[in-house]
Amino acid sequence: MKGIILAGGSGTRLYPLTKSISKQMLPIYDKPMIYYPLSVLMLAGIRDILIITTARDVIYFEDLLRDGNHIGINISYAIQDEPNGIAEAFLIAEGFIGDSAVALVLGDNIFYGSNFGNIVQKHSQLKEGGIIFGCYVSDPERYGIVEVDEELNILSIEEKPKNPKSYYAIPGLYFFDNKVVDIARQVQPSPRGELEITSIIDKYREKDKLKVQLLGRGLAWLDTGTHESLLEASNFVEAVQKRQGLYIASIEEIAYRRGYINKDQLIRLAEPLIKTDYGNYLIEIIKQEEGIK
1 MKGIILAGGS
11 GTRLYPLTKS
21 ISKQMLPIYD
31 KPMIYYPLSV
41 LMLAGIRDIL
51 IITTARDVIY
61 FEDLLRDGNH
71 IGINISYAIQ
81 DEPNGIAEAF
91 LIAEGFIGDS
101 AVALVLGDNI
111 FYGSNFGNIV
121 QKHSQLKEGG
131 IIFGCYVSDP
141 ERYGIVEVDE
151 ELNILSIEEK
161 PKNPKSYYAI
171 PGLYFFDNKV
181 VDIARQVQPS
191 PRGELEITSI
201 IDKYREKDKL
211 KVQLLGRGLA
221 WLDTGTHESL
231 LEASNFVEAV
241 QKRQGLYIAS
251 IEEIAYRRGY
261 INKDQLIRLA
271 EPLIKTDYGN
281 YLIEIIKQEE
291 GIK
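Quick note: the sequence shown uses UniProt numbering, first residue 1, plus one each step.
Here it is, written out as structure tokens:
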């Protein structure tokens, strides 16, 4: 399976923060936001990743992440000229996807949970159909909502309903088989002029090829669409990391623990960061494994 991070858009809701820089380059506590969706794909075992962004911002992502070789993955880049909707990502990425299944994660979504890595790794083995997630929220009218029965059959999907039938929001993480490209070609622009991901989801559901994975209480999902949610996300990451001493979305740590890089490579990545808590954390990983206190 291959992975796509959609990190385009103009970020106007976050002006003036995003007037001259991509939203996905903003800090979420101690890391750029892009680290968080990238970590999701890496936890899933996906090593071929395409970042779709704007012509203005691509140079910054290339400077930050390069080709991914330093963390044992392959990163390439593509341009979305205008924010024409999430579904357009599959058309832009057609050549990259080839004959593979694909995971798409939005660049402003943050996931955290003890079993989350196992969940996404399981779904990365998808061969047929599509998988969406359902995450319980207190304000479902703000999101796309999935309604399911007791056997987790999907009853309905609604986009920002005034009278929600469910409290399960659909976060920005999707797994699809290779047919998604053909389906995306058939999607027509919505009244707001965008190619909607819900149109693709509906096609899979109509063919009875869509499954839903409900994420329980032990998993946190944060989006970062407002100034308030940016601050909340940073505070959340700070609290967890200081309390547990374990870092969220450390792409170097994930690369090491997944076997993408070895101990010496991790040390080289940590050395330029040695004056920071982040760099010391990476060194501490090695020390703990070697039994050095």
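Ideal placement from N, C-alpha and C gives every residue a C-beta, glycine not left out.
Rounded separation between residue i and residue j - CA only
{"i": "Gly-45", "j": "Gln-121", "result": "6 Å"}
{"i": "Lys-179", "j": "Gln-188", "result": "17 Å"}
{"i": "Phe-236", "j": "Ser-190", "result": "35 Å"}
{"i": "Ala-7", "j": "Ala-255", "result": "21 Å"}
{"i": "His-227", "j": "Phe-111", "result": "18 Å"}
{"i": "Lys-275", "j": "Asp-63", "result": "21 Å"}
Exposure label - residue i; buried when at least 16 CB within 10 Å
{"i": "Leu-65", "result": "buried"}
{"i": "Asn-109", "result": "buried"}
{"i": "Glu-82", "result": "exposed"}
{"i": "Ser-166", "result": "buried"}
{"i": "His-123", "result": "buried"}
{"i": "Arg-47", "result": "buried"}
{"i": "Pro-272", "result": "exposed"}
{"i": "Gly-291", "result": "exposed"}
{"i": "Lys-31", "result": "buried"}
{"i": "Leu-14", "result": "buried"}
{"i": "Leu-104", "result": "buried"}
{"i": "Ile-92", "result": "buried"}
{"i": "Leu-214", "result": "exposed"}
{"i": "Pro-27", "result": "exposed"}
Contacts around residue i, its chain only, beta-carbon distance under 8 Å, and the 5 residues preceding and following it disregarded
{"i": "Leu-126", "result": "Met-1, Ala-101, Phe-175, Phe-176 and Asp-177"}
{"i": "Gly-245", "result": "none"}
C-beta atoms of residue i and residue j nearer than 8 Å
{"i": "Ala-184", "j": "Gly-144", "result": "no"}
{"i": "Glu-159", "j": "Gly-85", "result": "no"}
{"i": "Ser-39", "j": "Ile-201", "result": "no"}
{"i": "Ile-71", "j": "Tyr-247", "result": "no"}
{"i": "Ile-51", "j": "Tyr-77", "result": "yes"}
{"i": "Ile-59", "j": "Ile-5", "result": "no"}
{"i": "Leu-230", "j": "Glu-253", "result": "no"}
{"i": "Arg-148", "j": "Ile-154", "result": "Here the sequence assigns Val to residue 148, which means Arg is not the residue at that position. Yes, these two residues count as a Cβ contact at 8 Å."}
{"i": "Ala-233", "j": "Gly-113", "result": "no"}
{"i": "Lys-162", "j": "Glu-141", "result": "yes"}
{"i": "residue 295", "j": "Leu-269", "result": "Residue numbering for the chain in the displayed model covers 1 to 293; residue 295 lies beyond these limits and cannot be assessed."}
{"i": "Gly-68", "j": "Ile-75", "result": "yes"}
{"i": "Ile-119", "j": "Val-181", "result": "no"}
Cβ neighbours of residue i in the same chain (closer than 6 Å, five flanking residues each side left out)
{"i": "Gly-117", "result": "Leu-43"}
{"i": "Thr-224", "result": "Asp-108, Leu-230 and Ala-233"}
Neighbourhood of residue i by C-beta, 7 Å cutoff - its chain only, sequence neighbours within 5 removed
{"i": "Gln-129", "result": "Checking the displayed sequence, the identity of residue 129 turns out to be Gly instead of Gln. Asp-177, Tyr-204, Lys-209, Leu-210 and Lys-211."}
{"i": "Tyr-136", "result": "Tyr-167 and Tyr-168"}
{"i": "Ala-249", "result": "Lys-31, Tyr-35, Tyr-36 and Ser-39"}
{"i": "Lys-263", "result": "Ile-286"}
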